[in-house]
Structures are given as C-alpha cells and as structure tokens.
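Participant: If you read the sequence shown in the UniProt record's numbering, its first letter stands for residue 1, the second for the next number, and so on. Every residue gets a Cβ at the ideal spot worked out from N, C-alpha and C, and that includes glycine. For clarity, every value in this text was computed on a predicted model and none was experimentally measured. Sending over a structure as structure tokens; questions will come in a sec.
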Amino acid sequence: MSAPPSLKTPATAVAVSRRSVATPRATGLRGACAPPTRRLRCSASAAVAGASTEMADAPLDWAERSLEELHSLPDHDTFCLMALSPLDGRYDRFVKELMPFFSEFGLIRYRVLIEIKWLLKLSQIPEITEVPQFSKEAQSLLNAIIENFCIDDAKEVKKIEKVTNHDVKAVEYFLKQRCSSNPEIAKVSEFFHFGCTSEDINNLSHALALKEGVNKVMFPAMIDLCRAMCSLATQNSGYPMLARTHGQPASPTTVGKEMANFAARLSDIGKSFSEVKILGKFAGAVGNYNADVVAYPEVDWPKVAEEFVRSLGLQFNPYVTQIEPHDYISKLFNLFTQFNNVLTDFDRDMWSYISLGYFKQIPKAGEVGSSTMPHKINPIDFENSDGNLCQANSILSGISMKLPISRLQRDLTDSTVLRNLGMGLGHSLLAYKATMRGISKVQARTTMLNWCLYS
C-alpha cells in the first residue's frame with residue numbers, strides 16, 4: 001500500500017508485558033503507554049518515481065459534498081428503514097464516511113475520473129496526432145466534470161445504463177454527452193475509452209477506492225482505537241489485578257499491563273500494512289496491449305500504461321491478463337482480518353472483566369441498560385463490536401479467498417465480489433467505533449480488584 005500505517009507501541013509496555021509479575025506493587029506501567037506518535041496512514045509511496053501527489057494528498061471535498069447530498073435527500077430516512085443491509089440502515093450514521101468510496105456512486109465517479117484522465121494522457125502523446133493537446137478551457141471543462149461530479153450525475157449514468165445494459169459503457173456515453181458542447185473535446189470523444197477493456201477502468205477504480213477509503217477512514221479509526229487502548233492502559237497502570245488462566249485464579253498482574261498487551265499486538269499488525277502495494281493495470285483485453293499496438297505501433301505502450309497508473313498514485317503491475325489478479329486485495333484484507341481477530345480477543349476479555357466485576361460501566365444520561373432489569377448495564381458495545389468483527393471477517397476472508405481465482409485470462413466472477421469491498425470494511429469500522437464507545441464507559445473497580453487479590 002502506499003506509505004501505510006505505523007502503530008507504534010512503547011518499548012516499555014512490551015518489556016513489562018514479557019516480565020513476570022511477582023507482586024502487585026512491582027509492576028507499574030505508569031507512563032509506559034503513551035499514545036502512538038506516528039499517524040497510521042496510506043499516502044503516496046515515496047518509492048514511486050514521478051507519481052502525482054495530487055491524487056494522494058488533495059482534500060476530498062467531493063466525498064463530504066456527496067454525503068451532504070445523500071443525507072439531504074427527502075427520502076433518506078425512509079431508505080434507511082427499508083435498507084437491506086444494516087450498514088445502510090440502522091448503522092448508517094456510524095459508517096457513512098465510507099459511502100463516497102465504496103458505494104455505486106463512488107464507483108461511477110472513479111470510472112469517470114479514469115476515463116477523463118486517460119483522454120488527457122493520450123493528448124500528451126505526440127504520436128497520437130488525432131488527439132492534440134487540449135486548450136486550458138478544454139482541460140478545465142474535463143477536470144470540472146470530476147471535481148463537480150454529484151449524485152444527479154450518477155443518476156444520469158444509471159439512466160444511460162438502463163439502455164446500454166453495460167455500466168462502463170454508460171460512463172463513456174455520459175462523458176460524450178457532457179462534452180458535446182465543446183467542439184475541441186467532442187471531435188476526440190471516441191478516445192475516452194481508446195484501447196481500454198472495461199477492466200482497465202474498473203481495476204483502477206477499485207484500487208483508488210481502497211487507497212482513499214482505507215487512508216481517509218479506516219486507518220484514522222484504527223489510530224483512534226489504539227490510542228484509546230493506550231490511554232486505558234496508562235490510566236490503570238498502577239492497579240493490581242488477579243490474573244486468570246483456564247478461567248481460574250492465577251498470579252497477580254496489573255490492569256494496565258493487560259491493556260498494553262493488546263495495544264502492542266495491534267501495533268505489530270499495523271506495521272505490516274506497509275508491505276501491501278495498491279496495484280493497477282492498463283494493458284487491454286488480455287494484458288498485451290493488442291489494440292494499442294495495432295493502432296499506434298510506434299508508441300511504447302507498456303511505458304505509457306505505467307506512467308498513467310503511477311500518475312494516479314498507484315503502483316503498476318505489468319504481469320496481468322484481462323484483469324489485475326487482485327492478490328494485493330487479499331493481502332490487505334488478510335491484515336484487516338488479523339487486526340480484527342486481536343480486537344475480538346480484547347472485546348471478549350473486556351466482557352469477562354466486566355462480568356467478574358473488575359470494571360464497572362458508566363452509562364450516559366438517558367440510556368437504558370436492560371428492557372426489564374433496571375439494575376443491569378449490559379456490555380453492549382463490546383458485544384456489538386464482537387458480532388460485527390465476526391461478520392466483517394467472514395466477508396473479508398471470503399473476498400480474500402475468491403479474488404485471486406479467475407478462469408484462464410478472466411471470468412466475471414470477481415465483478416460482483418468486488419462490489420462488496422465496502423461491506424467487510426464497513427462492519428470493521430462499525431466494530432472499531434463500538435469498542436471505543438465501550439472503552440469510554442468503563443472504569444476500574446479498585447475495591448473489587450483488591451478484594452479478589454487479598455481474599
């Protein structure tokens with residue numbers, strides 16, 4: 001992945017986690033769990049020569065604008081009530097940040113972006129005399145289509161698709177219609193999709209969705225989660241606690257040290273994200289640039305394709321068929337699955353500590369702990385996180401196993417699976433936020449902790 005996450009866990013915390021705890025007083029972790037100082041992020045890789053920083057670092061105003069449009073629709077509340085997926089219904093407010101990237105709207109917008117950027121790239125190749133360099137006016141018009149793309153534009157594309165029965169072709173027709181008033185662009189509009197197979201457009205669209213969605217939404221949530229754990233460890237570093245092995249009373253430990261263990265584990269997984277590169281291909285129908293070479297044999301098409309893919313802030317994969325083989329998506333989702341497994345372990349331990357009376361929960365004003373037993377405050381946030389992590393991992397694992405497999409030079413089985421990328425990430429994001437809510441409500445019960453140790 002571009003320059004991915006680094007979840008730094010203090011060495012002191014790791015050292016203490018490996019040290020046996022002889023007495024409660026001997027294991028202070030105070031100050032050992034300062035929050036991570038390096039942000040978990042995925043910006044453009046420094047190793048990518050000549051890569052444009054515009055795509056990686058530009059503020060995503062379009063994403064915020066599209067969310068405002070969505071939630072201002074008069075029928076939005078009705079849609080949430082009738083949504084088939086709880087992510088789009090009940091949990092809409094918790095995962096809405098992902099919608100601009102992984103929704104149908106997001107996919108259409110990325111396709112529009114790729115088609116326009118490709119036409120602009122062709123205009124810079126001297127050998128393609130049919131597409132001369134555009135005037136500033138024409139370039140501004142093309143870039144404005146990307147920058148101002150809105151839900152009404154996406155609806156227009158869907159309207160065209162009802163006729164074409166082809167989603168990518170509908171984008172091409174939309175662009176031709178939108179640019180028909182500009183003679184300079186209109187006369188070369190057939191080149192929007194020159195030399196491309198639909199998968200050239202789609203694989204780059206999904207890659208950008210992953211790059212920007214994970215960068216802007218998932219990694220910041222993971223940072224906040226790890227910081228919350230570190231804060232929990234720091235606040236409770238001096239509190240001794242009776243450890244339990246096999247569910248039975250064992251030797252003493254401290255609350256802070258047990259929390260630090262989880263922060264260290266998540267940190268270790270976070271470092272591995274840097275090994276994942278977001279890849280793209282642009283090599284035509286079977287990965288050999290066949291149509292391009294026939295039309296313009298004097299052009300170095302592999303070089304052009306690499307320059308184009310890298311200009312989007314992605315890394316180039318030259319070894320492809322009709323599709324980019326998706327191995328990087330499997331690697332990325334396997335890491336999310338690992339991260340989620342550790343968080344599941346944390347959720348279940350917190351559930352057990354609350355059950356044992358080690359922690360109490362502080363409810364918010366107006367909240368009801370149980371529908372029939374007013375004395376109860378159930379650990380619903382940790383349970384909600386646990387359930388969503390299970391759902392997330394089933395989706396992420398399924399996608400990871402399916403995507404690397406495609407018959408011969410390609411079949412279409414990956415297409416419908418790729419439309420579910422946001423589902424696994426959405427349930428993960430929902431879980432991260434639920435765990436953070438749970439952490440914010442817990443408080444160590446020192447009297448109970450001491451009683452368990454000395455009774």
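(1) What separation, rounded to the nearest whole angstrom, lies between the Cα atoms of I278 and I380?
(2) In the DSSP assignment, the beta strand (DSSP E) including Q361 goes from what residue to what residue?
(3) Using only the alpha-carbon positions, how far apart do P240 and N450 sit?
(4) Using a Cβ-Cβ cutoff of less than 8 Å, which residues in the same chain neighbour I395 once the five nearest sequence positions on both sides are dropped?
(5) Could you name the residues of the same chain whose beta carbon sits closer than 7 Å to that of N290, not counting the 5 residues immediately before and after it, in chain order?
(6) Using only the alpha-carbon positions, how far apart do E184 and I405 sit?
(7) If you draw a straight line from the alpha carbon of S85 to that of T446, how long is it in whole angstroms?
(8) Check the DSSP bridge columns for G398 and list the partner residues they point to.
(9) Using three-state DSSP, classify L40 as helix, strand or coil.
(10) According to the neighbour-count rule (16 or more other Cβ atoms, all chains shown, within 10 Å of its Cβ), is Y319 buried or exposed?
(11) Check whether the Cβ atoms of N236 and I323 sit closer than 8 Å, and answer yes or no.
(12) To the nearest angstrom, report how far apart L67 and L356 are at their CA atoms.
(13) What's the gap between the Cα of N288 and the Cα of K331?
(14) Buried or exposed for A264, please, with buried defined as at least 16 other CB atoms from any protein chain shown within 10 angstroms of its CB.
(15) Look at the alpha carbon of P363 and the alpha carbon of L225, and state the distance between them as a whole number of angstroms.
(16) Entirely within the region 173-216 and at least 4 residues each: give me those alpha helix (DSSP H) ranges in chain order.
(17) So V157 and F174 are in contact, right, with Cβ under 8 Å, and what is the actual spacing, rounded?
(18) Which ranges does the alpha helix (DSSP H) cover as unbroken runs of at least 4 residues, wholly within the region 238-324, from first to last along the chain?
(19) In chain order, which alpha helix (DSSP H) runs of at least 4 residues are fully inside the region 95-146?
(20) Can you tell me which of V299, G238, T337 puts its alpha carbon nearest to the alpha carbon of F273?
(21) Looking only at its chain, what residues have a beta carbon closer than 7 Å to the beta carbon of Q443, apart from the 5 residues adjacent to it on each side?
(22) Going along the chain, which residues of its own chain have a beta-carbon closer than 7 Å to the beta-carbon of H193, five neighbours each way excluded?
(23) How about E97 and V217: do their beta carbons lie closer than 8 Å?
(24) Taking its Cβ as the centre, do 16 or more other Cβ atoms sit within 10 Å of S103, making it buried, or is it exposed?
(25) List the residues that DSSP assigns as beta-bridge partners of A444.
(26) Check A330 in the structure and name its three-state DSSP category.
(27) So, helix, strand or coil for N393, using DSSP?
(28) Inspect the beta-carbon positions of K231 and N334 and report whether they are closer than 8 Å.
Facilitator: In brief:
(1) So the two alpha carbons sit approximately 36 Å from each other.
(2) Element bounds for Q361: 359-361.
(3) Per the coordinates, the alpha-carbon of P240 lies some 7 Å from the alpha-carbon of N450.
(4) So the list reads N420, M423, G424, H427, once near-sequence residues are dropped.
(5) Around N290: G284.
(6) Taking the straight line from one Cα to the other gives about 43 Å.
(7) Our two residues, S85 and T446, have alpha carbons roughly 42 Å apart in a direct line.
(8) As far as DSSP is concerned, G398 takes part in no beta bridge.
(9) Unreliable positioning characterises L40 in this predicted model, as indicated by a pLDDT of 33, which lies under 50. A coordinate reading is not provided.
(10) Its Cβ having fewer than 16 others within 10 Å, Y319 is exposed.
(11) Not closer than 8 Å, so no.
(12) L67 and L356: Cα-Cα distance of roughly 43 Å.
(13) Here the C-alpha atom of N288 lies approximately 26 Å from the C-alpha atom of K331.
(14) Of the other Cβ atoms in all chains shown, 16 or more fall within 10 Å of the Cβ of A264; this residue is therefore buried.
(15) Going by the C-alpha atoms only, they are around 20 Å apart.
(16) Under the rule that a run must span 4 or more residues, the alpha helix (DSSP H) segments found entirely inside the region 173-216 read 183-186, 198-213.
(17) Their Cβ separation, rounded to whole angstroms, is 5 Å, which keeps V157 and F174 in contact under 8 Å.
(18) You should have 255-272, 290-295, 301-311.
(19) Fully enclosed alpha helix (DSSP H) runs of no fewer than 4 residues occupy 99-102, 104-122 of the region 95-146, in order along the chain.
(20) For F273, the closest of V299, G238, T337 by C-alpha to C-alpha distance is T337.
(21) Excluding residues within five positions, the ones whose Cβ falls inside 7 Å are F359, K360, I362.
(22) The beta carbon of H193 sits closer than 7 Å to those of E115, E172, all from its chain and outside the five residues before and after it, given in chain order.
(23) Taking C-beta atoms as the reference points, E97 and V217 count as a pair closer than 8 Å.
(24) S103 is buried by the Cβ-count criterion.
(25) Note: A444 sits in a beta bridge opposite F359.
(26) It should be noted that the sequence gives Ser, not Ala, for residue 330. Of the three classes helix, strand and coil, the one that applies to S330 here is helix, per DSSP.
(27) Here N393 sits in helix by DSSP.
(28) Per the sequence presented here, residue 231 reads as Ser, with Lys not at that position. Contact: no.
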